[in-house]
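Residue numbers (this note's numbering), protein chains in the order written: chain A, 1 to 721; chain B, 722 to 1442.
We put the beta carbon where it would ideally sit given N, CA and C, even for glycine.
Here the structure is laid out as structure tokens; the discussion comes afterwards.
Structure follows, in structure tokens:
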């Protein structure tokens, strides 16, 4: 019932998804995190200023931050005033700041202070922003918080927007009520282009969901929302010139031009540019449903429901194609004010071209030796159209080839080397390789990916400036309106920090502590990254108490995208845009906080040489709860087809609980666990670590660590136990 | 920091809040629940049809329901068609039904079926609803579900709306996917007026929040949303005739007339009437800020920030007062199409009247012997105005007096006897006593309150028909936009069932099982009754892991409203509309599901004569977690002023854990617990049961039950343990 029928997967695997190179191993990162001296470490000996900084949860971490004395209380009498240059956007930003501060603290707050003298937070800026936000604009700000007040200064409103977000994140519950610590912050971004690319074609994401996610992006000082607006599975913007694009290509799920204008205004209010992408010449089936003459085969075409790379591709040999694109790009560049226009350009399989005699003839006549050359011919012509409409063209790696002017921008799924090579040729670029959120990596893995990795050695300082930043990417095969927020948050914050903060900011523990704190703050912006998990668990639990299912779900993580795709191939199943995304794998967040906490407790217990009685007590209780849970869950699993696939996982968790308890018994008895027992446990653990039902038991590695430790020489044990 | 300064509480206690009579003890209810034969009992021996009914979670329980054979699968190909009479409202209802079914199951569903023959669910109705919904309209429907399809029939669209909700609640996860069981349902309400009264004056509740709560009301077949639109603390509707009402009396927090019209349309689409209340002559300070001439003292007036009964009251002796009210009521009766218009009429303290020589002179001249007589004079004149504008007047008990025509309706805070007495005089009435959601009762307590209690013996059958139903009431001293949903849901469903289902439906366990299932379904309507708790816990936990705070919070319940008010008086504190509602008491739901589950486990263990090893294992693990939790929480509590008040409660929970573990040890050793130990535990338990920080430890009574059991003769113990 859950998945559609069988079919070939030959076109299923998208190269740009699978070629992502692995980042540095996590262990290596943790090893080196101690040397990130500019950033608070929780283990080293700290001065009082450092201790104070270590409590601050601002993300991205500011370029320069100094602790002061005392703190600024936040009470009902908190107020702000705007001085210097002001405009309606700044005023709205001030109102929004007060509203968010009120939500975040639960303290009712009043409107603006009538005069600067009496305001608690005095805001000052000198001049207006550009009418259309540009990445060259100064985004810096200075924030001074003392025990008696605060000052936020910036050259233009963009910096004020960023400073407001920093202030909100400084505010915490303290022994004396809510307060912001006294600090001096001088902040500015490392990269000028810090974005999120959202695929709204494969699963449509509503206008409302886009708005709340724009609030999330603003909270972490991202400045670009790149919308992947067309693909084989749907055309998502109203065209008035070519209305059959949305009428026949969208299932009725598209943004009206009125909504787009509202969205752009909403994003501009928050310092965020909207960059539209219309993928061409491939990934374009949805265009051809209404306009089959654009394709390289006669059609008819229908909206694609499957995932993968498909044959339909624009016909680059007909002048009518370029006339259509000229009108269409003219309409869309008028609708989207941003200076950049994304034409996709990825993943053309060339089959329609190969099969079309006229196109083959054209290639011979124009000396185009292969499909790549034909695509380059197309892209060069499209670039001229984009340029004619006063925009810079941006596209995936494939667009870079002979005949391209230097003003285009490359978005790289291939990686830093590809980016550096482009920079050596004088092209600007963005990194997206390593930032694919649908890959279900941990935040720490994305955090380890740097756009400039290896670039220092290869590139001149002028060439380095061509690396503009990066974009997180969220492809939507397995993301719907319901779970999109949990796929984006809080992991996007780790990428935002990599793109904003100085390169030296590398402490993974600090990053997690701060994005955990961000996570609950984001809920007050209306994001559903936590609440959707509970709602989806409720659906899975049905009429039953949710607690046993939650205990299991809290310890699970989705397997990698590759694993999920391979499992489907192996099972002969196919997932489509009509497949319900209502399984456990769809409900759980990409990264288990409970598994991370459990791991920390195991580490603390082992590091204490087994003397940490509190940690041991917590571990015993945890293992016992895993054992009990399986019995409680089993009866529910039998009555519910959606839960059936979880039965072996629940059983494995109970077995891990038994292993863990026995390991603790050996440790308490100060006898090394026997080799035979240990070997048997490793078999169990190994089995528990294998992906099943597209999920992983995130706690298995830590149980293994404990089992290994229990088999060690007892002379390593603490004396006081 | 959390509360404002000291002041007298002399005017603080509102009689209608404190006089609520206690319902039948819960124990008595449970005792009698077995005789509710028309309703599935989980303990008795059940036929297969009864077993099937026992799995169904529809709330309110239908008037008549019969189980059939098999079930109807819900898949991507599910469809509906509308036959017979149709209109735009029905079509929207069908679309909403499909959308909600899709959300609830996670299964993508298509639009209407083009023809009835191929639709899975065929809907049929004969005729249109009235242009303005009236309580005399037929709300009945018949729903037939078989393994091959379903039919929903009703005389008019109101019944179809109810039938859609029933169908949604029939759908559950089963071993064979989502499905609705085969059933035959013939359903209709017991009472024609089933409402919720919401106070939007004391804390403003946004337009959006009202809309999502209307969806909640529709889900449980309520048909009235009564809005308490004005009170001392705010005037919440735009008046174009007297704009200073909202301009000076609302802090800018009011509904525009456009919003009101949209809200009425939204509610009508869902079979819900909007009944407006403008409280007069008391509870009217907010009117006088803009129009002080209406008051009985010269003013000036300002918006009241405190809670209680205040002196400002309309001047009933001036003709200008009635001229104003005539124009105002004319404007509002044109805005609100409902046939009923609520004038409040409660809680006049008469102090302004007593102090005004002109008013005293008027009373003598008109032979009005006391304040009650003067209020009656006012109410009689206002009733004539309401009647002139073609509406029936409704008001609280106080409006009933000499000179009232029989077409008014009494909303009773005094109770069933007051209602019966009014009926004996020929007046129609609604019960609200016993349905005050802000009192923080358990759902079971509200469920035990019946509008007809004692009425059978006293009233003729014609008089009984004058009892129209009831309204749940939500006063908003301690409810804000943020926690209003958790105050309303799911407890409102218990009251909805009392007002819809036959009187014989009384099984408390069944009611809880069904409202628990409703609770997660409501989340898919956008209600925040669960997610707001998590968000508010996140705020309380600040930068720390939320788990230990959640463990504690899950076991807490808010103390009664009376206890909270008395605690504030004792502490010399005053809570106002500016007091942050960000404490634990504001975050937790009114009823702890975890405490209810714990109690069930203790009961099962004791009932098994201590032989239920699974229950014992769960109890041991639970007690151990309580002990551990205090240590984990204590460090956080020290750093956070909002948590400090919870320190003794967390400590008490740890002590309860120790008591529970020791009780289990005595039981396992088959020795009765010593008297001295038991006495000491009862002291601890007694202390844990006392309200602190305005919350109660919901698990204390069950720990006491276990301690008591452990002190019994071991011969009561099971043999196989």
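Specify the secondary structure class of residue i as computed by DSSP and reduced to three states.
i, result
"residue 60 of chain A", "coil"
"residue 900 of chain B", "strand"
"residue 750 of chain B", "Because the pLDDT at residue 750 of chain B is just 35, under 50, the model does not fix this residue reliably, and the point stays unresolved."
"residue 207 of chain A", "helix"
"residue 39 of chain A", "For residue 39 of chain A, the predicted model reports a pLDDT of 41, less than 50, meaning its position is unreliable; a value from the coordinates is still stated below. Coil, per DSSP."
"residue 238 of chain A", "coil"
"residue 872 of chain B", "strand"
"residue 528 of chain A", "coil"
"residue 478 of chain A", "coil"
"residue 701 of chain A", "helix"
"residue 799 of chain B", "coil"
"residue 812 of chain B", "helix"
"residue 732 of chain A", "For residue 732 of chain A there is no data in the structure shown, the boundaries of chain A being 1 and 721."
"residue 996 of chain B", "strand"
"residue 412 of chain A", "strand"
Closer than 6 Å by C-beta to residue i: which residues in its own chain qualify, once you throw out the five before and the five after it? Chain order, please.
i, result
"residue 1102 of chain B", "1043"
"residue 1197 of chain B", "920, 923 and 924"
"residue 1430 of chain B", "1327"
"residue 681 of chain A", "659 and 707"
Determine, using beta carbons only, whether residue i and residue j come nearer to each other than 9 Å.
i, j, result
"residue 1005 of chain B", "residue 1035 of chain B", "yes"
"residue 1371 of chain B", "residue 1354 of chain B", "yes"
"residue 340 of chain A", "residue 392 of chain A", "yes"
"residue 794 of chain B", "residue 897 of chain B", "yes"
"residue 636 of chain A", "residue 548 of chain A", "yes"
"residue 1236 of chain B", "residue 1215 of chain B", "yes"
"residue 1375 of chain B", "residue 1396 of chain B", "no"
"residue 361 of chain A", "residue 59 of chain A", "no"
"residue 111 of chain A", "residue 101 of chain A", "no"
So is residue i in contact with chain A if we call contact Cβ pairs under 9 Å?
i, result
"residue 1365 of chain B", "yes"
"residue 1301 of chain B", "yes"
"residue 1345 of chain B", "yes"
"residue 1351 of chain B", "no"
Using beta carbons (cut-off 9 Å, strictly below), is residue i in contact with chain B?
i, result
"residue 307 of chain A", "no"
"residue 88 of chain A", "no"
"residue 173 of chain A", "yes"
"residue 702 of chain A", "no"
"residue 104 of chain A", "yes"
"residue 303 of chain A", "no"
Leaving aside the five residues before and after residue i along the sequence, list all residues of the same chain whose C-beta is less than 8 Å from its C-beta, in chain order.
i, result
"residue 1153 of chain B", "918, 1132, 1133, 1134, 1191, 1192, 1193 and 1194"
"residue 122 of chain A", "80, 81, 83, 116, 149, 150, 151 and 152"
Apart from the five residues just before and just after residue i, which ones in its own chain have a Cβ nearer than 7 Å to its Cβ?
i, result
"residue 933 of chain B", "1246, 1247 and 1248"
"residue 1420 of chain B", "1276, 1316, 1319 and 1377"
*asked:* With a threshold of 8 Å, are at least 3 pairs of Cβ atoms found where one atom belongs to the segment 986-1001 of chain B and the other to the segment 798-815 of chain B?
replied: With contact defined as three or more Cβ pairs closer than 8 Å, the segment 986-1001 of chain B and the segment 798-815 of chain B are in contact.
task: Specify whether the segment 610-624 of chain A and the segment 559-578 of chain A touch according to this definition: at least 3 beta carbon pairs, one from each stretch, less than 8 Å apart.
output: When C-beta atoms of the segment 610-624 of chain A are compared with those of the segment 559-578 of chain A, fewer than three pairs fall below 8 Å, so the two segments do not count as touching.
ask   = Is there contact here, the segment 130-142 of chain A with the segment 334-351 of chain A, by at least three beta-carbon pairs under 8 Å?
value = Because the criterion of three Cβ pairs below 8 Å is met, the segment 130-142 of chain A and the segment 334-351 of chain A touch.
| Are the segment 953-963 of chain B and the segment 1066-1075 of chain B touching by the rule of at least three beta carbon pairs closer than 8 Å? | With a cut-off of 8 Å, the segment 1066-1075 of chain B and the segment 953-963 of chain B do not count as touching, because too few Cβ pairs lie within range.
Stretch pair the segment 1009-1028 of chain B + the segment 900-916 of chain B: three plus CB contacts closer than 8 Å: Under the Cβ criterion (8 Å, minimum of three pairs), the segment 1009-1028 of chain B does not count as touching the segment 900-916 of chain B.
Check your understanding: Any chance the segment 695-712 of chain A sits against the segment 658-672 of chain A, with 3 or more Cβ pairs inside 8 Å?
Key -> Short answer: they touch.
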